[in-house]
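Peer 1: Per my numbering, residue 21 is the first one in the sequence shown, and the count goes up by one each step. For every residue, glycine included, the Cβ atom is placed at its ideal position computed from N, Cα and C. Here the structure is a predicted model, which means the values were calculated and not measured.
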Amino acid sequence: MYSLTTGGASNEERQTYYQQKIDGLYQDVFGFMSWQLLLPFIAHGVQQLSCEQRANLLKTYEQHLLNSVVNKQ
Numbered sequence: 021m022y023s024l025t026t027g028g029a030s031n032e033e034r035q036t037y038y039q040q041k042i043d044g045l046y047q048d049v050f051g052f053m054s055w056q057l058l059l060p061f062i063a064h065g066v067q068q069l070s071c072e073q074r075a076n077l078l079k080t081y082e083q084h085l086l087n088s089v090v091n092k093q
């Protein structure tokens with residue numbers, strides 16, 4: 021698992037751009053090494069979110085990790 025920041029993608033087009041870059045990285049680097057890949061979790065524009073929205077995002081991330089890692093074992 022790795023973590024990265026995409027900055028503040030301001031619209032859906034930019035979010036799609038970053039998603040494609042990350043998908044490519046997954047396949048090019050980790051796929052080449054035959055690593056098992058987890059679905060990425062991307063949070064765009066976090067710096068523009070309210071505290072409540074960030075808290076909800078963290079809950080969503082927690083659920084993503086539980087579904088991707090804990091429940092797969």
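With C-beta atoms as the reference, is L85 less than 9 Å away from F61?
Peer 2: For the purposes of this step, residue 85 is identified with residue 65 of the sequence shown, where counting begins at 1. For the purposes of this step, residue 61 is identified with residue 41 of the sequence shown, where counting begins at 1. The answer is yes: Cβ separation under 9 Å.
Peer 1: Hey, could you find the ends of the alpha helix (DSSP H) I42 is sitting in?
Peer 2: Locating residue 42 in the sequence shown gives position 22, counting from the first residue. Here the alpha helix (DSSP H) through I42 covers 32-45.
Peer 1: Would you report the Cα separation of L57 and Y46, rounded to the nearest angstrom?
Peer 2: As a first step, residue 57 is located in the sequence shown; it is residue number 37 there, counting from the start. As a first step, residue 46 is located in the sequence shown; it is residue number 26 there, counting from the start. If I take the Cα positions, the gap works out to 7 Å.
Peer 1: Who are the Cβ neighbours of I42 in its own chain at under 6 Å, not counting the five residues just before and after it?
Peer 2: Translated into the one-based positions of the sequence shown, residue 42 becomes position 22. Excluding sequence neighbours, I42 sits near P60.
Peer 1: Roughly how many angstroms lie between the CA atoms of C71 and T80, to the nearest whole one?
Peer 2: For the purposes of this step, residue 71 is taken as residue 51 along the sequence shown, with counting starting at 1. For the purposes of this step, residue 80 is taken as residue 60 along the sequence shown, with counting starting at 1. For C71 and T80, the distance between alpha carbons rounds to 14 Å.
Peer 1: Rounded to the nearest angstrom, what separates N76 and G44 at their Cα positions?
Peer 2: On the sequence shown, residue 76 is found 56 positions in, with the first residue counted as 1. On the sequence shown, residue 44 is found 24 positions in, with the first residue counted as 1. Those two C-alpha atoms are separated by around 28 Å.
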